[in-house]
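For the sequence shown, the residue numbers in full-length UniProt numbering are 1 to 110.
Yeah, the Cβ is synthetic: ideal placement off N, Cα and C, and Gly gets one too.
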Amino acid sequence: VSIDLLRGRKRNLIYFRVFESKCYILNAKDYLTKFDPNSYEGVFLGYSQNSKAYIILNKQTIKVEESLNVIFDETPPPPKTSPLEDDELVEKEAIEVSKTKPIGNDLEDI
1 VSIDLLRGRK RNLIYFRVFE SKCYILNAKD YLTKFDPNSY EGVFLGYSQN
51 SKAYIILNKQ TIKVEESLNV IFDETPPPPK TSPLEDDELV EKEAIEVSKT
101 KPIGNDLEDI
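Structure representation (structure tokens):
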């Protein structure tokens, strides 16, 4: 923060990623067969201190790798509760709602 005040400009935060976020590592083999995957799913662990690479946990090989060719999945995580679950109502509220609802058929004869 103090460096920003001295320089008089803001830092570019576009390259910062959320730790432990889902990402895909490009398969950088020289020769890929027809059935080799183009990428592997991984978890972002941090930034390399020796180069501009990302440190990624490859979920398929369960090994930590450094790679430049990474695509991050920046979609927000799904909500923890399902929208199909009923809201928890207090019993009194549920009874009040059921009392105000008419039971009979409200359609008029034409």
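Taking 8 Å as the cut-off, the beta carbon of R17 is found no closer than this to the beta carbon of F35.
Distances from the alpha-carbon of S48 to those of D4, L68 and Y40 put L68 closest. Of the candidates Y15, R11, K29 and P76, the residue whose Cα lies closest to the Cα of Y54 is Y15. Annotation for V64: the continuous beta strand (DSSP E) segment containing it runs K63 to S67. Listed in chain order, the non-local C-beta contacts of D4 below 7 Å within the same chain comprise K10 and R11, local neighbours out to five positions each way being set aside. In terms of Cβ geometry, I62 and I25 do not form a close pair [threshold 8 Å].
DSSP, reduced to helix, strand and coil, places L26 within a strand of the structure shown. Taken through DSSP and simplified to helix, strand or coil, L45 comes out as strand.
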